[in-house]
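Data first, discussion second: the structure below is written as structure tokens.
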Amino acid sequence: MTFEENRRWEILRVYRGKDNAVTGKQIAEWTELEYDFIRSVISHLVNDHHFLIASNSKGYYVPETAEEIFEATRSLRRRGISILVRAARLQRTSVEEVFHQGVLEEEGFRTSVNKADGRNDKKEVKG
Numbered sequence: 042m043t044f045e046e047n048r049r050w051e052i053l054r055v056y057r058g059k060d061n062a063v064t065g066k067q068i069a070e071w072t073e074l075e076y077d078f079i080r081s082v083i084s085h086l087v088n089d090h091h092f093l094i095a096s097n098s099k100g101y102y103v104p105e106t107a108e109e110i111f112e113a114t115r116s117l118r119r120r121g122i123s124i125l126v127r128a129a130r131l132q133r134t135s136v137e138e139v140f141h142q143g144v145l146e147e148e149g150f151r152t153s154v155n156k157a158d159g160r161n162d163k164k165e166v167k168g
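Read in order, the letters of the sequence shown correspond to residues 42 to 168 in this note's numbering.
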């Protein structure tokens, strides 16, 4: 983990539980970094380092209970499905077709990243 990633995690890890969420804008102010950069670091911590960081309308937090994890994943699923429905309507196709296209694109992206990193192995796509 890089210094910047570790720095963000050190800030976030004290915000345990959904009632103690902190906004990305607050973190940006405290660290004097751009908000978009904060969002990208948090995304990287979640997606690449598998940190449990959830978010709600109040901000980011570390979930403490199974219920908080369930609520956060339910919210993500609902948002994801809503976005797939919108994409399907734009393309005038089914949600299933848009999802399948996304899976193929993600596999292609991961393969190209591996090749750019000098690896010929294809990473397993989880999910």
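Note that the Cβ used here is the ideal one computed from N, Cα and C, for glycine as well.
Whole-angstrom distance between residue j and residue i, CA atom to CA atom
{"i": "ASN61", "j": "ARG48", "result": "19 Å"}
{"i": "LYS163", "j": "LEU145", "result": "At LYS163, the pLDDT of 46 sits below 50, so the modelled position is not reliable; the number obtained from the coordinates is stated separately. Cα to Cα, LYS163 sits roughly 13 Å from LEU145."}
{"i": "SER133", "j": "ARG120", "result": "For the record, residue 133 in the displayed sequence is Arg; it is not Ser. When rounded, the distance between both Cα atoms is 20 Å."}
{"i": "ILE68", "j": "ILE83", "result": "11 Å"}
{"i": "HIS85", "j": "ASN97", "result": "18 Å"}
{"i": "MET42", "j": "TRP71", "result": "21 Å"}
Which of helix, strand or coil DSSP assigns to residue i
{"i": "LYS163", "result": "For LYS163, the predicted structure reports a pLDDT of 46, less than 50, and the residue's modelled location is therefore unreliable. A value from the coordinates is still provided. Of the three classes helix, strand and coil, the one that applies to LYS163 here is coil, per DSSP."}
{"i": "THR152", "result": "helix"}
Beta-carbon contacts of residue i that lie in its chain and below 8 Å, excluding the five residues immediately before and after
{"i": "THR64", "result": "LYS99, GLY100 and TYR101"}
{"i": "LYS167", "result": "Low local confidence applies: a pLDDT of 37 at LYS167 is under 50, so the model's placement there is unreliable, with the coordinate-based value given in what follows. Taken in chain order, the list of residues that qualify is empty."}
CB-CB length for residue i against residue j, believed under 8 Å
{"i": "LYS94", "j": "LEU53", "result": "Here residue 94 is Ile; the residue named in the question, Lys, does not match the sequence. Their Cβ separation, rounded to whole angstroms, is 6 Å, which keeps ILE94 and LEU53 in contact under 8 Å."}
{"i": "LYS66", "j": "TYR76", "result": "6 Å"}
{"i": "GLY169", "j": "GLU105", "result": "Within the shown structure, residues of the chain are numbered from 42 to 168, placing residue 169 beyond reach of any answer."}
{"i": "LEU125", "j": "VAL139", "result": "5 Å"}
Report the start-end ranges of each beta strand (DSSP E) in the region 54 to 136 that is 3 residues or longer and not cut off at the edges. 95 to 97 and 100 to 102
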